[in-house]
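Residue numbers (the UniProt record's numbering): 1 to 149.
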């Protein structure tokens, strides 16, 4: 593994950009090097200090449904925060559907982040057994998008 020197000036610039834009997360990649800078949002800070007795409907979405197996070996997870799109254009044919056979490296979704369209590639070949996000749905970093077996 190659040595990775952290560029303090770059980290400070990214942190300043977070403050200026109000974003909660930003990632910079150059070659094999990646730097991700995050900061807690007001919603996260409030949630930490919120009373324990929250209404059940609010707590239910926060729990990971049984249909979203994060540890599944075929889980395709989101590498960023953004909006997931199932097709290249609105109303277009989806990249993949349940039952489709995909090859490793094939585009299965697009995630828009900061006005940039990022193709999400299949990490392995197999059959799409479950698509867990709908078109134009906001997604979080690490969220399971689909399962390929």
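Each residue gets a CB set at the ideal place from its N, CA and C atoms; glycine is no exception.
From which residue to which residue does the beta strand (DSSP E) around residue i run?
i: residue 145; result: 144-148
i: residue 131; result: 126-131
i: residue 109; result: 107-113
i: residue 25; result: 25-30
i: residue 75; result: 75-77
Indicate the three-state DSSP secondary structure (helix, strand or coil) for residue i in the structure shown.
i: residue 140; result: coil
i: residue 18; result: helix
i: residue 82; result: strand
i: residue 96; result: coil
i: residue 39; result: coil
i: residue 121; result: strand
i: residue 103; result: coil
i: residue 8; result: helix
i: residue 60; result: Because residue 60 carries a pLDDT of 39, less than 50, the predicted location of this residue cannot be relied on, and the following value inherits that uncertainty. Here residue 60 sits in helix by DSSP.
i: residue 50; result: Low confidence applies to residue 50: its pLDDT is 45, below 50, so where it sits in the model is not reliable, and the reading given next is rough at best. The answer is coil: DSSP assigns residue 50 none of H, G, I, E or B.
Hey, residue i and residue j are a contact pair by Cβ (cut 8 Å); roughly how many whole angstroms apart?
i: residue 146; j: residue 108; result: 6 Å
i: residue 129; j: residue 98; result: 7 Å
i: residue 94; j: residue 104; result: About 19 Å separates the two Cβ atoms, so there is no contact after all.
i: residue 14; j: residue 6; result: Between residue 6 and residue 14 the Cβ distance is about 11 Å, and since that is not below 8 Å, they are no contact.
i: residue 141; j: residue 78; result: 6 Å
i: residue 139; j: residue 110; result: Not really, about 11 Å apart at Cβ, beyond 8 Å.
For residue i and residue j, I'd like the C-alpha separation in whole angstroms.
i: residue 148; j: residue 18; result: 34 Å
i: residue 23; j: residue 119; result: 22 Å
i: residue 39; j: residue 30; result: 22 Å
i: residue 115; j: residue 8; result: 26 Å
i: residue 88; j: residue 136; result: 11 Å
i: residue 32; j: residue 106; result: 21 Å
Considering Cα atoms alone, identify which of the options is closest to residue i.
i: residue 117; options: 76, 82 and 140; result: 82
i: residue 11; options: 91, 134, 140 and 36; result: 36
i: residue 123; options: 34, 73 and 91; result: 73
i: residue 102; options: 126, 32 and 75; result: 126
i: residue 76; options: 137, 138 and 121; result: 121
i: residue 91; options: 134, 139, 21 and 34; result: 134
i: residue 131; options: 113, 96 and 16; result: 96
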